[in-house]
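Each remark here refers to the structure printed beneath this line.
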Amino acid sequence: MIRGQCLITNKDDQYNDPDVAVILGSDKNPTCESQSVLMAPKIKLSSGYDMPILGFGTYNLNGYQCLTAIHSAVESGYRHFDTAFNHENERQIGEALRTQIQMGNVSRENIFLTTKLWNIHHDPRDVRRICEHQLNLLGFEYIDLYLMQFPVGYRHMCDEILTPINDISVLTTDVDYVDTWRAMEELVKLGLVRSIGLSNFNMEQIQRIIQCSSSKPVVNQIEIWPGFMQKDLVDYCRYNGIVVTAFAPLGQPNREKHTPIYFFSEGMKRLVKKYKRSAAQIVLRYLVDYGVIPIPKAGNPLHIKENLKIFDFKLEEIDIRALRGIKSKERLVQYENIKNHKFYPFERED
Numbered sequence: 003m004i005r006g007q008c009l010i011t012n013k014d015d016q017y018n019d020p021d022v023a024v025i026l027g028s029d030k031n032p033t034c035e036s037q038s039v040l041m042a043p044k045i046k047l048s049s050g051y052d053m054p055i056l057g058f059g060t061y062n063l064n065g066y067q068c069l070t071a072i073h074s075a076v077e078s079g080y081r082h083f084d085t086a087f088n089h090e091n092e093r094q095i096g097e098a099l100r101t102q103i104q105m106g107n108v109s110r111e112n113i114f115l116t117t118k119l120w121n122i123h124h125d126p127r128d129v130r131r132i133c134e135h136q137l138n139l140l141g142f143e144y145i146d147l148y149l150m151q152f153p154v155g156y157r158h159m160c161d162e163i164l165t166p167i168n169d170i171s172v173l174t175t176d177v178d179y180v181d182t183w184r185a186m187e188e189l190v191k192l193g194l195v196r197s198i199g200l201s202n203f204n205m206e207q208i209q210r211i212i213q214c215s216s217s218k219p220v221v222n223q224i225e226i227w228p229g230f231m232q233k234d235l236v237d238y239c240r241y242n243g244i245v246v247t248a249f250a251p252l253g254q255p256n257r258e259k260h261t262p263i264y265f266f267s268e269g270m271k272r273l274v275k276k277y278k279r280s281a282a283q284i285v286l287r288y289l290v291d292y293g294v295i296p297i298p299k300a301g302n303p304l305h306i307k308e309n310l311k312i313f314d315f316k317l318e319e320i321d322i323r324a325l326r327g328i329k330s331k332e333r334l335v336q337y338e339n340i341k342n343h344k345f346y347p348f349e350r351e352d
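The numbering used here numbers the first residue of the sequence shown as 3 and each following residue consecutively.
Next comes the structure, spelled out in structure tokens:
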């Protein structure tokens with residue numbers, strides 16, 4: 003268990019941003035004898051709330067593995083957790099976080115919890131109901147960040163059918179994501195969520211939301227990893243004060259298939275030897291310096307701790323350029339079965 007806390011401003015030049023602080027330890031009053039754990043610095047969202055610049059992803063974590071991973075993550079120092087309705091693990095995540103709160107390892111105020119509105123709930127009349135249901139699953143009174151996970155709505159059959167299919171086609175709707183967004187804005191007014199944002203939206207779609215609603219997204223969560231950096235979209239979001247969260251930040255490494263190639267390359271092995279860090283640590287450090295918030299997923303306690311320990315070293319410019327020069331690859335998450343929908347956000351092949 004983690005004991006004690008010190009809230010300090012990091013004196014290193016790399017963290018001289020007044021919006022960024024480093025938290026050591028847990029959320030209790032500090033004691034001289036307490037053990038400290040380095041946590042991720044924070045960035046201030048346009049909504050006024052602080053968000054740690056490294057998060058813990060939970061896709062495909064379920065059951066006992068999910069519970070143990072969340073416990074390990076909290077005790078390692080993570081305070082930013084990312085889930086979604088279609089991950090079907092909100093109940094386990096809430097249970098583990100509440101247990102950690104009861105143990106005194108963390109307070110609710112120092113947890114930043116993100117979850118998402120799934121595609122079957124785009125009907126504005128359904129938004130509040132499902133958000134309240136997700137809060138019940140999590141066991142919390144509010145959600146820190148609520149994202150519309152995709153701009154395309156699916157037909158709602160029931161809450162348990164996440165992807166309604168007719169033969170081989172996904173049953174979609176023509177619900178306008180702007181109308182869904184306006185319903186999400188009401189969640190903020192009701193105090194159910196603190197901030198709202200988007201996921202998998204392109205520049206034109208974000209701009210339309212900004213122009214057609216009373217608030218702009220604080221976050222756009224998109225696929226980003228070396229070889230798929232989406233520079234134009236990141237630059238657009240940065241210009242508009244929208245923080246970018248990077249899912250699949252490592253490119254979903256597969257040791258058996260040795261994919262993506264960059265992760266297992268001789269160049270990466272050289273960097274691992276040079277910095278005495280894992281390939282994952284090097285990539286996460288690179289993405290943080292790029293200005294996005296990675297949310298790596300891990301189930302192994304050693305990898306969970308390792309992924310957080312990236313704030314005590316810096317990559318040299320020559321190595322940053324080498325990572326920047328990785329040849330562009332195709333996106334991993336494509337939603338190809340709905341690519342003909344008018345709100346499909348990705349490039350279509352001719």
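Beta carbons are placed, not taken as given, at the ideal position from N, Cα and C, and that holds for glycine.
Values in this document were obtained by computation on a predicted structure and should not be read as measured data.
Do residue j and residue i have their beta-carbon atoms positioned less than 9 Å apart in this structure?
i: residue 317; j: residue 284; result: yes
i: residue 235; j: residue 245; result: no
i: residue 116; j: residue 57; result: yes
i: residue 68; j: residue 95; result: yes
i: residue 297; j: residue 59; result: yes
i: residue 84; j: residue 223; result: yes
i: residue 176; j: residue 122; result: no
i: residue 272; j: residue 312; result: no
i: residue 299; j: residue 51; result: no
i: residue 2; j: residue 240; result: The displayed coordinates of the chain run from 3 to 352. Any statement about residue 2 would go beyond what the structure contains.
i: residue 301; j: residue 71; result: yes
i: residue 82; j: residue 98; result: no
i: residue 212; j: residue 250; result: no
i: residue 149; j: residue 133; result: no
i: residue 304; j: residue 228; result: no
i: residue 221; j: residue 53; result: yes
i: residue 205; j: residue 156; result: no
Report all residues from its chain with a CB closer than 6 Å to the CB of residue i; omit the five preceding and five following residues, and keep chain order.
i: residue 153; result: 179, 203, 207, 345, 347
i: residue 131; result: none
i: residue 349; result: none
i: residue 339; result: 172
i: residue 101; result: none
i: residue 15; result: Reliability of the predicted coordinates at residue 15 is poor, the pLDDT of 36 falling under 50, and the value obtained from them is presented with this limitation in mind. For residue 15, where only same-chain residues beyond five positions count, there are no Cβ hits under 6 Å.
i: residue 242; result: none
i: residue 18; result: Residue placement at residue 18 cannot be trusted, given a pLDDT of 40 that sits under 50; what the coordinates show is reported in the next sentence. Same-chain partners within the cutoff: there are none.
i: residue 159; result: 166
i: residue 75; result: 58, 306
i: residue 185; result: 126, 129
i: residue 49; result: 197, 220
i: residue 29; result: Reliability fails at residue 29, whose pLDDT of 38 lies under 50, so the model's placement of it is uncertain and no value is given.
State the beta-bridge partners of residue i as determined by DSSP.
i: residue 225; result: 249
i: residue 313; result: None, per the DSSP bridge assignment.
i: residue 48; result: Paired residue(s): none; residue 48 is not in a bridge.
i: residue 177; result: The partner list for residue 177 (beta bridge, DSSP) is empty, contrary to what the question assumes.
i: residue 53; result: 45
i: residue 172; result: 167
i: residue 198; result: 148
i: residue 208; result: Answer by DSSP bridge pairing: none, since residue 208 is not bridged.
i: residue 65; result: Note: residue 65 sits in no beta bridge, so no partner.
i: residue 59; result: 84, 299
i: residue 256; result: 261
i: residue 345; result: Beta-bridge pairing links residue 345 to no other residue.
i: residue 230; result: 227
Taking 8 Å as the limit between beta carbons, can you name the residues of its chain near residue i, skipping five residues before and five after?
i: residue 230; result: 253, 330, 331, 332, 333, 334
i: residue 343; result: 154, 174
i: residue 217; result: 187, 190, 198
Among residues of its own chain, excluding the 5 on either side of residue i, which ones have a beta-carbon nearer than 7 Å to its beta-carbon?
i: residue 34; result: With a pLDDT of only 29 at residue 34, under the threshold of 50, the placement of this residue in the model should not be trusted; the figure read from the coordinates follows. If we look at residue 34 and ignore the five residues flanking it on each side, it has no Cβ neighbours.
i: residue 55; result: 42, 43, 44, 45, 290, 295
i: residue 341; result: 350
i: residue 2; result: With the chain covering 3 to 352 only, the question about residue 2 has no answer from this structure.
i: residue 90; result: 64
i: residue 92; result: 85, 117, 136, 139, 140
i: residue 80; result: 58, 310
i: residue 260; result: 266
i: residue 219; result: 198, 199, 200, 208, 211, 244
Cβ contact (3+ pairs, closer than 8 Å) linking the segment 175 to 194 and the segment 124 to 132: yes
Every unbroken alpha helix (DSSP H) within the segment 73 to 107, with a cutoff of 4 residues, ordered by chain: 92 to 105
Inter-stretch contact at 8 Å, needing at least 3 Cβ pairs: the segment 157 to 168 / the segment 104 to 118: no
The segment 188 to 201 / the segment 145 to 159 touching (three or more Cβ pairs under 8 Å): yes
Three-pair Cβ contact test at 8 Å for the segment 275 to 283 versus the segment 302 to 311: yes
Beta strand (DSSP E) segments (min. 3 residues) lying fully within the segment 113 to 168: 114 to 119, 145 to 150
Entirely enclosed alpha helix (DSSP H) segments - the segment 261 to 299, minimum 4 residues: 268 to 277, 281 to 292
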